[in-house]
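Presented below is the structure to which this report refers.
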Amino acid sequence: MHRELSWPDPMVLGALTAVSDAAPLVHCITNIVVAGFTANTLLAIGASPAMVENAQEAGPFAAVAGGVLVNLGTLSEERERAMVAAAAGAHAAGRPWVLDPVAVGALEHRTVFAKGLLVHQPTVIRGNASEILALAGAGAGGKGVDSTAASHDALLAARSLATEYGAVIAVSGETDLITDGTDVVEVPGGHPLMTRVTGVGCALGAMMAAFCAVDAPPLAAAAAASAVLAAAGSRSAVGSPGTGTYAVRLLDELCALAGTSGA
Amino acid sequence: MHRELSWPDPMVLGALTAVSDAAPLVHCITNIVVAGFTANTLLAIGASPAMVENAQEAGPFAAVAGGVLVNLGTLSEERERAMVAAAAGAHAAGRPWVLDPVAVGALEHRTVFAKGLLVHQPTVIRGNASEILALAGAGAGGKGVDSTAASHDALLAARSLATEYGAVIAVSGETDLITDGTDVVEVPGGHPLMTRVTGVGCALGAMMAAFCAVDAPPLAAAAAASAVLAAAGSRSAVGSPGTGTYAVRLLDELCALAGTSGA
Amino acid sequence: MHRELSWPDPMVLGALTAVSDAAPLVHCITNIVVAGFTANTLLAIGASPAMVENAQEAGPFAAVAGGVLVNLGTLSEERERAMVAAAAGAHAAGRPWVLDPVAVGALEHRTVFAKGLLVHQPTVIRGNASEILALAGAGAGGKGVDSTAASHDALLAARSLATEYGAVIAVSGETDLITDGTDVVEVPGGHPLMTRVTGVGCALGAMMAAFCAVDAPPLAAAAAASAVLAAAGSRSAVGSPGTGTYAVRLLDELCALAGTSGA
Numbered sequence: 009m010h011r012e013l014s015w016p017d018p019m020v021l022g023a024l025t026a027v028s029d030a031a032p033l034v035h036c037i038t039n040i041v042v043a044g045f046t047a048n049t050l051l052a053i054g055a056s057p058a059m060v061e062n063a064q065e066a067g068p069f070a071a072v073a074g075g076v077l078v079n080l081g082t083l084s085e086e087r088e089r090a091m092v093a094a095a096a097g098a099h100a101a102g103r104p105w106v107l108d109p110v111a112v113g114a115l116e117h118r119t120v121f122a123k124g125l126l127v128h129q130p131t132v133i134r135g136n137a138s139e140i141l142a143l144a145g146a147g148a149g150g151k152g153v154d155s156t157a158a159s160h161d162a163l164l165a166a167r168s169l170a171t172e173y174g175a176v177i178a179v180s181g182e183t184d185l186i187t188d189g190t191d192v193v194e195v196p197g198g199h200p201l202m203t204r205v206t207g208v209g210c211a212l213g214a215m216m217a218a219f220c221a222v223d224a225p226p227l228a229a230a231a232a233a234s235a236v237l238a239a240a241g242s243r244s245a246v247g248s249p250g251t252g253t254y255a256v257r258l259l260d261e262l263c264a265l266a267g268t269s270g271a
Numbered sequence: 009m010h011r012e013l014s015w016p017d018p019m020v021l022g023a024l025t026a027v028s029d030a031a032p033l034v035h036c037i038t039n040i041v042v043a044g045f046t047a048n049t050l051l052a053i054g055a056s057p058a059m060v061e062n063a064q065e066a067g068p069f070a071a072v073a074g075g076v077l078v079n080l081g082t083l084s085e086e087r088e089r090a091m092v093a094a095a096a097g098a099h100a101a102g103r104p105w106v107l108d109p110v111a112v113g114a115l116e117h118r119t120v121f122a123k124g125l126l127v128h129q130p131t132v133i134r135g136n137a138s139e140i141l142a143l144a145g146a147g148a149g150g151k152g153v154d155s156t157a158a159s160h161d162a163l164l165a166a167r168s169l170a171t172e173y174g175a176v177i178a179v180s181g182e183t184d185l186i187t188d189g190t191d192v193v194e195v196p197g198g199h200p201l202m203t204r205v206t207g208v209g210c211a212l213g214a215m216m217a218a219f220c221a222v223d224a225p226p227l228a229a230a231a232a233a234s235a236v237l238a239a240a241g242s243r244s245a246v247g248s249p250g251t252g253t254y255a256v257r258l259l260d261e262l263c264a265l266a267g268t269s270g271a
Numbered sequence: 009m010h011r012e013l014s015w016p017d018p019m020v021l022g023a024l025t026a027v028s029d030a031a032p033l034v035h036c037i038t039n040i041v042v043a044g045f046t047a048n049t050l051l052a053i054g055a056s057p058a059m060v061e062n063a064q065e066a067g068p069f070a071a072v073a074g075g076v077l078v079n080l081g082t083l084s085e086e087r088e089r090a091m092v093a094a095a096a097g098a099h100a101a102g103r104p105w106v107l108d109p110v111a112v113g114a115l116e117h118r119t120v121f122a123k124g125l126l127v128h129q130p131t132v133i134r135g136n137a138s139e140i141l142a143l144a145g146a147g148a149g150g151k152g153v154d155s156t157a158a159s160h161d162a163l164l165a166a167r168s169l170a171t172e173y174g175a176v177i178a179v180s181g182e183t184d185l186i187t188d189g190t191d192v193v194e195v196p197g198g199h200p201l202m203t204r205v206t207g208v209g210c211a212l213g214a215m216m217a218a219f220c221a222v223d224a225p226p227l228a229a230a231a232a233a234s235a236v237l238a239a240a241g242s243r244s245a246v247g248s249p250g251t252g253t254y255a256v257r258l259l260d261e262l263c264a265l266a267g268t269s270g271a
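Chains as they are written, first to last, in my numbering: chain A, 9 to 271; chain B, 9 to 271; chain C, 9 to 271.
Listed below in structure tokens is the structure:
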């Protein structure tokens, strides 16, 4: 079944309210470029981010977190060990975790590493079309961290990946596509400026971990997170003279949608 | 003795002027989430930040810095070695250093590590109530990096910690409490939005290192730093539509208080 | 030959248009303080940043990137291995690479490390006067990451460094000086607030890598990047109440100059 979802669908509103009410602890192992913006995005929607990225702490911390994000942006030997520990810890404890396979396909080392993480059964895998195609073994990778394919081109690969690993696959693009292998949710909206601010896609992965943490089914959680970010991304563009202002407004709009501005 | 301190108390004004006049070099070993915001906060008040976090350089650099910050946010094996070297180097050279025990109590590994650092006699320990309680062995830790206790709940623990280690303890919260074990300074003000922007507490630790660097007594230095940030935090909230704008204004207001806007 | 260059010189306009048209992939190994701001700066001028900083990936990735930045800000053992791999990989593949010797001179370990990188023949070396003097063996280093010398004081050292290593040397300061050992380009403009926002100099190094990537001769590329940033830096100061707003406007102005605002 194909359906379209966007703000202010009652399911999206309900999911966002659940996040801001519960303030779930979201454990993020992410990259040095976007860690601050990711934390601020989670805080804007009312979640409680914590970045713990060493091998000793990541496993136990994942087991007590509401949701976990593993983002491959800037790999290092120690961060890789922490990612394995977090993925294994989350899976063993039944906590939802999101894999963001940044630049998989463009670089062999991380392609192998990402595939190895799949044994720990991510709840959601979020990437651009090139990354999803590469993870499914169906594409050659994008240009660095940017996609060279459109999201619809990756739909078949996303469905087969979803079925094979029992995960929800979210393909980010002009239209976001989220599938569990059977159903497909399309999230339109957003704005091209979202690709001109670093970390917007990475923050979406973290938001999905927060939405999964409040007991929403993963397909609905990932789709609701996409719809919230798309709404904020589209509103932020109005009158923004450039990406500096746009990034600031994106956080403001997330606060407005989540009702956290006065908090 | 209990007293209250806030901007524009002449002591606070004098301490801030001393920082912006002397532009002390502040050596920060901090986490990947807040490093940029911390540097911008220090620059806003006229200090000169430098982040050096490898084991070879951290010790010698701490010895020539005006003040040192050791923030446990994102530990790694190498960063831990650098932290030990910096703490030891600062202590040996008689340079003030500030310990920010992020998430201590919530995670066993860092609780042990933080306690090990105390042998190098931090000048100031700044944390939220949960962290201070845990460091004193009197609490079970907060929720990730967030406190589950109010600052007044930690006052007894803070006093005993101050006395035991000869350090000033600063408990951040709705009201900041700063004590040397005998005297207690209360800093009211600030704004709840300060907890919705990542790194505001971490930046306060760095500011305390800058204020200690200009030869203020540690209790006065830590209290003055708190009062400056509380004033900026409160002013920034006026008319901010969300946390994006609020974080930008926080730096602007610090510049305004420090008179560095035109520099 | 001495000449002055500034926006809107046709060469500068042409170089910026070439960057925003080609969207070169710029591989940055940089520090945890400025990684996000650097990526946003590159995105603002239309380039495609990717930060890959582990030893396995950095070499092969440098060989396929349009340009490479190696910034020594926060060294770590693994990041150093990645830097060597990236510098060697870029050199072997004939890709331009920029060395930013942050705090060289102030710290012995990185001074030795930076000199070791010179064997891989950087295309451009960008630093402040203290760093360039130290790299040339002619100065004792600045105050942490800040210069204690003016750019003109470093011109002789810059020329000899340029001649010895066949590199373009860019000395950042109130006036930027860029030389290939024979010709000297002076870029005036900019604004003192550029030194009060962390990462502006680091972002300039990344911009130089982007400009070199679109086949401009290195002297022209480095000078054009300086002129673009100086123009944005000067325009951003108008009406900025402090460094928070200033940093946001800097990205907005880069977008405006590059015509990427509507993208």
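Beta carbons are placed, not taken as given, at the ideal position from N, Cα and C, and that holds for glycine.
Closest option to Q129 (chain A), judged by alpha-carbon separation, among A:I140, A:E12, A:A170, A:S244: A:A170.
Comparing alpha-carbon positions, the option among B:T82, B:L185, B:A224 lying closest to A238 (chain B) turns out to be B:L185. In the structure shown, E182 (chain B) adopts coil according to DSSP, grouped into three states. A58 (chain C) is bridged by DSSP to C:H35.
Below the 7 Å Cβ cutoff, chain A contributes H117 as neighbours of Q64 (chain C), in chain order. The continuous stretches of beta strand (DSSP E) do not include I40 (chain A), and DSSP gives it neither H nor E. At a cut-off of 8 Å, the C-beta of N136 (chain B) has no neighbouring C-beta in chain C.
Shortest Cα-Cα distance from F45 (chain B) to any of C:F69, C:V41, C:N48 involves C:V41.
The beta carbons of P249 (chain C) and A264 (chain B) sit closer together than 8 Å. In this structure, DSSP gives L83 (chain B) a state outside helix and strand, which the three-state scheme calls coil. V112 (chain C) places its beta carbon 8 Å or farther from that of A93 (chain C).
L107 (chain A): member of the beta strand (DSSP E) spanning 105 to 108, first to last residue. In this structure, DSSP gives T119 (chain C) a helical state, which the three-state scheme calls helix. G124 (chain A) is outside the set of residues whose beta carbon lies under 8 Å from a beta carbon in chain C.
Fewer than three beta-carbon pairs drawn from the region 145 to 153 of chain C and the region 94 to 105 of chain C are found closer than 8 Å, and the two stretches are therefore not classed as touching. Excluding five sequence positions before and after A30 (chain B), the CB atoms of its chain that fall closer than 7 Å to its own CB belong to V222, given in chain order. A43 (chain C) sits buried, since 16 or more C-beta atoms from the chains shown fall within 10 Å of its C-beta. Inter-segment contact for the region 242 to 262 of chain A and the region 195 to 213 of chain A is present: three or more beta-carbon pairs are separated by less than 8 Å. For the pair A114 (chain B) and T156 (chain B), the Cα-to-Cα distance works out to about 11 Å.
DSSP places G74 (chain A) in the coil class of the three-state scheme, outside both helix and strand. Secondary structure note for V20 (chain C): its alpha helix (DSSP H) is the uninterrupted segment 18 to 30. Contact of A111 (chain B) with chain A by beta-carbon distance below 8 Å involves A58, V60. With a threshold of 8 Å between beta carbons, V246 (chain A) makes no contact with chain B. Using a Cβ distance threshold of 8 Å, A162 (chain B) and A137 (chain B) count as a contacting pair.
Where G250 (chain B) is concerned, there is no enclosing alpha helix (DSSP H), because DSSP gives it neither an H nor an E. Assignment of G135 (chain C) by DSSP, reduced to helix, strand and coil, places it in the strand class.
Within the same chain, V176, I186, D188, D191, V193 come within 7 Å of L227 (chain B) by CB-CB distance, once the 5 residues on both sides are set aside.
Per DSSP, reduced to three states, the secondary structure at T156 (chain C) is coil, with no helix or strand assignment. Here DSSP, grouped into helix, strand and coil, assigns V205 (chain B) to coil. At the C-beta level, R118 (chain A) and L77 (chain A) stay beyond 8 Å of one another. In this structure P18 (chain A) is exposed. Its beta-carbon is surrounded by fewer than 16 other beta-carbon atoms within 10 angstroms.
In the same chain as L13 (chain A), and ignoring 5 residues on each side of it, the C-beta atoms closer than 6 Å to its own belong to V193, V195, A231, A235, in chain order.
Counting along the chain, V193 (chain C) sits inside no alpha helix (DSSP H); it lies in the beta strand (DSSP E) bounded by residues 192 to 195. Contact between S28 (chain A) and T268 (chain A) holds, since their C-beta atoms are separated by about 6 Å, short of 8 Å. DSSP places I53 (chain C) outside both helix and strand once states are collapsed to three, so it counts as coil.
Contact of V256 (chain A) with chain B by beta-carbon distance below 7 Å involves G252, T253, V256.
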